[in-house]
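One structure is given here, and the rest of the page talks about it.
Protein chains: 2
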Amino acid sequence: MTKAALLELEPRKTPQQSRSVATVEAIHDATIQVLLKDEPDRLTTVRVAERAGVSVGTLYQYFPNKQALLFAVLERHLLGTAKALEDACAANHFQPLEVMMDEVVNRFIDAKLVDRDTSVALYRIAAEAGGNLILERTRKRYETAMTAMLQTANLPASADVNYMVHMIYLTMAGTIRGHLESSAPPRMTRKLREHLAKLLVAYCKAV
Amino acid sequence: MTKAALLELEPRKTPQQSRSVATVEAIHDATIQVLLKDEPDRLTTVRVAERAGVSVGTLYQYFPNKQALLFAVLERHLLGTAKALEDACAANHFQPLEVMMDEVVNRFIDAKLVDRDTSVALYRIAAEAGGNLILERTRKRYETAMTAMLQTANLPASADVNYMVHMIYLTMAGTIRGHLESSAPPRMTRKLREHLAKLLVAYCKAV
DNA sequence: TGAGTATATGAATGAAAGTTCAGGTTTTTA
DNA sequence: TAAAAACCTGAACTTTCATTCATATACTCA
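The listed protein sequences derive, respectively, from chains A and B. Take 1 as the starting number for the first sequence in our numbering and just add one per residue. Take 1001 as the starting number for the second sequence in our numbering and just add one per residue.
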């Protein structure tokens, strides 16, 4: 993605008055609602605006184009989960490995489940919308926080912490995505929490 | 997805003569090539037809609509990987856990890497195109084969083989997808193979 | 209160894409 | 070899959608 292309994702205008703050907020929410209602290709700017109770013109005052809208919505969501994971890591330095993994897994799943539907809807648009860019950014934040935490754990001396952390990220993000996208009923989430935590502990000890 | 909707994904006509077999083949390949060239939303039926060296009309003789085309291409790819995994499982009954996991992981990654670009391109369309349907179907095949294999391994008596197998599937599919979609250089794939196999072995023993 | 700024409107524009179909060519069949 | 069946063509039709802009309303502050 070129620099010019990135610029086009920036907001066109920042809300000044409170009514426009509310408008932008409403547009954010409406985007997700529309995304949930149908296939992603039925997400049109007009539909989003209608759902938000404003006109298309208003939408275009704050977002230079449709992609920027998706980008913004995705970013907001990922920053939320990143924050959750960073907090979980920071709060568990020097804990036993079992506690670390249990906390990290559960806070991450919690963050994705706060609004399960939103998470699922956003997976669908992550590929477009410069999603890779945001994903890479948040991945780095995850890995930094996790590395800091794991350096306070007692791991096998042979451990390649860098790759280990990356593997943990791939595993968490991947399994949770797979789980949410499948038609697995909510009660299965409990099993996922358990098994994922166990799996990661076993891996850390074995490396 | 309703029954009527499923019907609309079925091929409109099956090729009889060899030239039309070649045509359909060309359309399959062209679809992937177009998908690789640009963003998924630039995948047009006209573009695919052009690339395949036929006219749009011809395309519509064999595929009732665009979605059916994507469905068919995705299906072909997933059946390939399913076959690879089934073979790997069948060939390793009664082996030590380490061998089982090593083989399964490596044959699965191999299948995805035969044409790395194709795999990546198809991830992008898996969400549309009734992709969930095919994914569920192949998941079941994966899990059946893996269950059969693992029942010949000596696992901890407490093991819940059913969920274990599912967890293994989520982990493999998820990490490999994450790896392929990221910008990780090919040399990192070796590390993934190693760590993924180790991780799964550790998990099986710990459950 | 009134000028200046921020915000909202929504019909109109133009480009893009999915799909059809009437008419042609090639292959098979009898 | 002639009719039938399979196959191919691509301009034309239709719908859908992103985006703009001239105009109107609401808010702020001096």
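Quick reminder that beta carbons are idealized off the backbone N, C-alpha and C, glycines included.
- In the same chain as A:Gly80, and ignoring 5 residues on each side of it, the C-beta atoms closer than 7 Å to its own belong to Ala111, in chain order.
- Looking only at A:Thr171, A:Thr45, A:Glu98 and A:Asp117, the smallest Cα-Cα distance to A:His77 is reached by A:Asp117.
- Interface flag for A:Lys205 against chain B is set, since a Cβ pair is found closer than 9 Å.
- In this structure, B:Gln1067 sits near B:Glu1128, with a CB-CB distance shorter than 9 Å.
- Between the C-alpha atoms of B:Leu1085 and A:Phe108 there is a straight-line separation of about 30 Å.
- Between the beta-carbon of B:Leu1170 and that of A:His179 there is about 6 Å, and that keeps the pair under the 8 Å contact cut.
- In the three-state reduction of the DSSP assignment, B:Phe1071 falls in the helix class.
- In terms of CA proximity to A:Thr138, A:Lys83 leads the group A:Val114, A:Lys83, A:Ser18 and A:Ala90.
- An exposed status is given to A:Arg190, since fewer than 16 other beta-carbon atoms sit within 10 Å of its beta-carbon.
- Chain A places no beta carbon closer than 9 Å to that of B:Asp1117, leaving this residue out of the contacts.
- At the C-beta level, B:Leu1199 and B:Asn1154 stay beyond 9 Å of one another.
- C-alpha of B:Met1100 to C-alpha of B:Cys1089: approximately 7 Å in a straight line.
- When rounded, the separation of the alpha-carbon atoms in A:Ala91 and A:Pro186 is 27 Å.
- Contact of B:Asn1065 with chain A is not assigned, every C-beta pair being separated by 9 Å or more.
- In terms of Cα proximity to A:Phe63, the closest of A:Thr31, A:Val201, A:Met172 and A:Arg193 is A:Thr31.
- Cα atoms of A:Leu150 and A:Val56: separation of roughly 48 Å, rounded to the nearest angstrom.
- For B:Ile1134 and A:Lys205, the gap between their C-alpha atoms comes out near 36 Å.
- For A:Ala173, at least one C-beta of chain B is nearer than 9 Å to its own C-beta.
- Within chain A, no C-beta atom comes less than 9 Å from the C-beta of B:His1077; the nearest is roughly 17 Å away.
- Across the set A:Glu50, A:Val21 and A:Gln17, the C-alpha of A:Glu50 shows the shortest separation from the C-alpha of A:Gln33.
- The beta-carbon distance between A:Ala202 and B:Tyr1123, rounded to whole angstroms, is 28 Å. This is too long to meet the 8 Å contact definition.
- With its beta carbon at least 9 Å from every one in chain B, A:Glu25 lies outside the interface.
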